[in-house]
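*Asks:* One structure, as C-alpha cells, below. Some questions next.
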Amino acid sequence: MPSHHHRSTPLLSSATSAASSSSQSFLSKLLLLLTLISLSLAAFAFVLQWRGGGESDPTIATSGAYSRWAPRGSHHEVFPGMETFSSLSTKSHSSSDCINLGRGSSPSLPYYGDWKFGFEANLRPKRLFITLSWVTTSTSAGLEQILPWMFYHKVIGVATFFLFVEGHAASPNVSKVLESISGVKVIYRTRELEERQAKSRIWNETWLSSFFYKPCNYELFVKQSLNMEMAIVMARDAGMDWILHLDTDELIHPAGAREYSLRQLLLDVPNNVDMVIFPNYESSVERDDIKDPFTEVSMFKKNYDHLPKETYFGMYKESTRGNPNYFLTYGNGKAAARIQDHLRPNGAHRWHNYMKTPNEIKLEEAAVLHYTYAKLSDLTSRRDRCGCKPTKEDVKRCFMLEFDRAAFIIASTAKDEEMLNWYREHVVWGDKDLRLKLLRKGILTRIYTPTAIIQGLRESGIFSSVIANAPGIFSSVIANAPSTISKDKFLASIESSNTSRVISPTSHTSRKIGRNRQHQPSVRKMLGIEASAAHEEAAVPPLSPPAWTMMTLKQ
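Positions in the sequence shown are counted from 1; adding 14 to them yields our numbering.
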C-alpha cells in the first residue's frame, strides 16, 4: 500500500498541471477575441464618422465641405436654396436669335433660417431650378421695391431672375446694383433688343394681334409677351425647369406646400402637368399713408377660385363697395410653366404651346399676392406714364380694366384733396365693421409670412449691404446704415465680376414697339418651328372674376 501511494502522486500532479494549462490557454484566446472585437467596433465607428455620418448644422457651410441635411443620394442633399447655378448640367440646344447669357458662379441666397450667409462654390444642385422673368416699364420702380421683391423670391427658392428693365430701373445706379447680385441677368431695352423683337414670329400671328399698335397698357402687354418669349429660350439654355412672370408689385405665396417654398411646391407637381395657375389675392389697405406695402399690408381679398360660390356671390356688393368689379384690377392670376419645346407666352398671365394644349392645374391654396394701388402715389405714377386724354372715351385706348380708367381720370383732373378723398372711398378699407364681417366670411384674409420674411431681410442689413458693395455705388445714407452681416460673408453671395450685363444701355430714347416697323417675311422662326394654326389660342388679357350679375342669370 505504501508503495502504491508513492506511485500515484506524480500521475495526479501531471493531470492537475494539464488542466491548469488548458484553462490558461482558453482565457488567453477569449481575451484576444474580445480585444479584436473591441478594436473592430472602434475602427468601424471611426470609418462611419470619417465618411460624414455625424450630424451638423444644416444652415452653415464649412470650409472645404458643406453641411448635409438628408441622406446621401436624395434630392435634398443641401439645404434648400444653396445650390450653385454654375453646376447645372449643360444641355445642348439649337441656336436661336436670343441673347446669350453669361452664367453666374455663386450660389443663391440660402433658405430662410438664422440668416447665416456662408456659401461654398461646390454645392451640388437639386434637380429643380426656377427662373422668374420680370418686366417693368415704370419709371418709379427703384431699389426700395426691387430688392425686397427679389430677395423674398430667392428665399422661397427662385434661382434665376431675368430682368427686362427700362426707365428708372435701367439707370446706372440701379442697374449696377442689380448686376452685382448672383443669379440676376439684366436685359436693357436698347435699339438692338427692339430690332431683335421686331423679328419675332409673334407679329405675324393672330393670338396677340388685338393688342398691337395701342398705347399704354396695351403696349406694355405686348412688351411683356415679347420679353417672355425671349426669357423662355434663355431659361431653357440655362437649364431651368420652370418659368414664371411676375411684376414687382406681386409676391408668390406658396401656401399648401410642405414647407414655405415655391421650389418645394413645384417639386410636388406631377410630371404630366405643364402649367400651374396661381390665383391672385388683392391687397386691401387699411390706411391712406402706406409707404412700404410689402411690410405694412397684411390684409388681402381672396380670389373667386378660393371661395365658395355662395359666399362670393352673396357678399359681392359689400366686397366691391361701389367699384366696377370684385377686384380693382385683374383677377385671373398668374401661371408658372414647365420649360419644354414649343412653349410660348399667351399674354402676361398665361403660357401656351405651339404643338399641343398644355395640361394645367389650378392651386387650391397657393396664390399671387398683388399689391395694387397700395400707395396713394400709385394713382399719379399710372397717370405719368400714359399720354391719353382723361376722357371716358380716350382712356379705353390706354387701359383694359375699368378701375384703371377711373383712377387715371381722377389722377389727371382732380386736385390733391379730391384725389385723396376718392382714394379713401374706393381703395382704403376704413370701415372696421365691414372688415371684420368680410374677414369672418373668409372673403378677406390675413397673411403675415411675406411681411415677416421681408422685415427679417431688411433688419439683417442685406439690402443696404447689396447697395453698399455694388461697384461704383457710393451713398452716405447706405454707408451709415446699420448692418448685421459682415462684408466678407456677404460678398461671398454676390458676383465678384460683372457678368450679368447682357446688352449695354445706350443713350437713345426707347421707341414704341412695332411702330415704323419694316415689312418682315411672312413666317417668323424665332423659336425655330412653324406656327400651328390649330393652337393659336388668343392671348389671355387681365380679367376680373365673375360679376354679381352672373348669380341672377343662374337663378
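A virtual CB, placed ideally from N, CA and C, is assigned to each residue, including glycine.
For S333, report the span of its alpha helix (DSSP H) as first-last.
*Replies:* Segment 330 to 334, the alpha helix (DSSP H) holding S333.
*Asks:* Quick one: using the 10 Å Cβ neighbour count with 16 as the cut-off for buried, is Y274 buried or exposed?
*Replies:* So Y274 counts as buried.
*Asks:* With a threshold of 8 Å on Cβ separation, who are the neighbours of K406 within its own chain once the five nearest residues in sequence on each side are excluded?
*Replies:* Excluding positions up to five away in sequence, the list reads R419, I423.
*Asks:* Rounded to whole angstroms, what's the CA-CA distance from G475 to Q469? Just pull it up for me.
*Replies:* So the two alpha carbons sit approximately 10 Å from each other.
*Asks:* For the beta strand (DSSP E) that F13 lies in, which residues bound it at each end?
*Replies:* Residue 13 is absent from the structure shown; the chain starts at 15 and stops at 569.
*Asks:* Restricting to Cα atoms, I'd like to know which of V442, N218, I481 is closest to R301.
*Replies:* It is V442 whose Cα lies nearest to the Cα of R301.
*Asks:* For A351, does the three-state DSSP call read helix, strand or coil?
*Replies:* In this structure, A351 counts as strand in the three-state DSSP scheme.
*Asks:* Of the residues P485, I291, G197, which one's Cα is nearest the Cα of M254?
*Replies:* Residue G197 is the option with its Cα nearest to M254.
*Asks:* Who does Y202 pair with in a DSSP beta bridge?
*Replies:* According to DSSP, which records beta bridges pairwise, Y202 is partnered with V179.
*Asks:* Would you say P359 lies against chain D (beta-carbon separation less than 7 Å)?
*Replies:* Reference to chain D is not applicable here, since this structure consists of a single protein chain.
*Asks:* Given a cut-off of 7 Å on the beta-carbon distance, is the pair F292 and G361 in contact?
*Replies:* No, these two residues do not count as a Cβ contact at 7 Å.
*Asks:* Using 8 Å as the Cβ pair cut-off and three pairs as the minimum, do the stretch 161 to 178 and the stretch 268 to 285 touch?
*Replies:* Yes, they touch.
*Asks:* Is the stretch 199 to 219 touching the stretch 174 to 183, taking contact as three or more C-beta pairs under 8 Å?
*Replies:* These segments touch.
*Asks:* Would a C-beta distance cut-off of 7 Å place E264 and V382 closer than the cut-off?
*Replies:* In this structure, V382 lies closer than 7 Å to E264 by Cβ.
*Asks:* Which residue comes first and which comes last in the beta strand (DSSP E) that contains I246?
*Replies:* No beta strand (DSSP E) holds I246; the alpha helix (DSSP H) holding it covers 231 to 251.
*Asks:* Taking its Cβ as the centre, do 16 or more other Cβ atoms sit within 10 Å of K43, making it buried, or is it exposed?
*Replies:* So K43 ends up on the exposed side.
*Asks:* Classify T343: buried if its beta carbon has 16 or more other beta carbons within 10 angstroms, exposed otherwise.
*Replies:* Buried, by the Cβ-count rule.
*Asks:* State the Cα-Cα distance for the pair V516 and S185, rounded to the nearest angstrom.
*Replies:* With a pLDDT of only 40 at V516, under the threshold of 50, the placement of this residue in the model should not be trusted, and no figure is reported.
*Asks:* Terminal residues of the continuous beta strand (DSSP E) containing N286?
*Replies:* First-last for N286: undefined, no H or E at that position.
*Asks:* Quick check: the Cα distance between I304 and Y385, rounded to an integer number of angstroms?
*Replies:* Those two C-alpha atoms are separated by around 11 Å.
*Asks:* Would you list the residues sitting across from N367 in a DSSP beta bridge?
*Replies:* Paired residues: L357.
*Asks:* Can you grab the Cα-Cα spacing for the pair L377 / G401, in whole Å?
*Replies:* Each residue's Cα considered, the two are about 38 Å apart.
*Asks:* When you compare only the Cα positions, how much space is there between F327 and A249?
*Replies:* Whole-angstrom Cα-Cα distance: 41 Å.
*Asks:* My output table needs one value for M313: the three-state DSSP class, helix, strand or coil.
*Replies:* Here M313 sits in strand by DSSP.
*Asks:* Based on Cα-Cα distance, which residue from L240, I481, S54 lies nearest to K213?
*Replies:* Comparing Cα-Cα distances from K213 to each of L240, I481, S54, the minimum goes to L240.
*Asks:* Between L222, E193, L48, which lies nearest to N483 when the distance is taken from Cα to Cα?
*Replies:* Among L222, E193, L48, the Cα nearest to that of N483 belongs to E193.
*Asks:* Taking only runs of the alpha helix (DSSP H) that begin and end inside the stretch 465 to 489, which ones reach a length of at least 4 residues, in chain order?
*Replies:* With a minimum length of 4 residues, the continuous alpha helix (DSSP H) runs that stay inside the stretch 465 to 489 are 476 to 483.
*Asks:* Go ahead and pull the three-state DSSP assignment for V409.
*Replies:* Of the three classes helix, strand and coil, the one that applies to V409 here is helix, per DSSP.
*Asks:* Compute the Euclidean distance between the alpha carbons of V247 and N367, then round it to the nearest angstrom.
*Replies:* Each residue's alpha carbon lies about 13 Å from the other.
*Asks:* So L453 and E332 are in contact, right, with Cβ under 8 Å, and what is the actual spacing, rounded?
*Replies:* About 12 Å separates the two Cβ atoms, so there is no contact after all.
*Asks:* Here's the rule: buried if 16 or more other CB atoms are within 10 angstroms of the residue's CB, otherwise exposed. What is V311?
*Replies:* Answer is buried; the Cβ neighbour count reaches 16.
*Asks:* Quick one, which of H259, K168, G456 has its alpha-carbon nearest R352's?
*Replies:* Here the closest residue by C-alpha is H259.
*Asks:* Kindly provide the ranges of any beta strand (DSSP E) runs that are 3 or more residues long and lie completely inside the stretch 379 to 426, ordered along the chain.
*Replies:* Here the runs fully enclosed are 381 to 384.
*Asks:* Cα separation between K429 and V283?
*Replies:* Roughly 51 Å separates the two Cα atoms.
*Asks:* Using a Cβ-Cβ cutoff of less than 7 Å, which residues in the same chain neighbour H440 once the five nearest sequence positions on both sides are dropped?
*Replies:* Hits under 7 Å: N337.
*Asks:* Let's see if you can read the secondary structure: which residues bound the alpha helix (DSSP H) around I160?
*Replies:* First-last of the alpha helix (DSSP H) with I160: 157 to 169.
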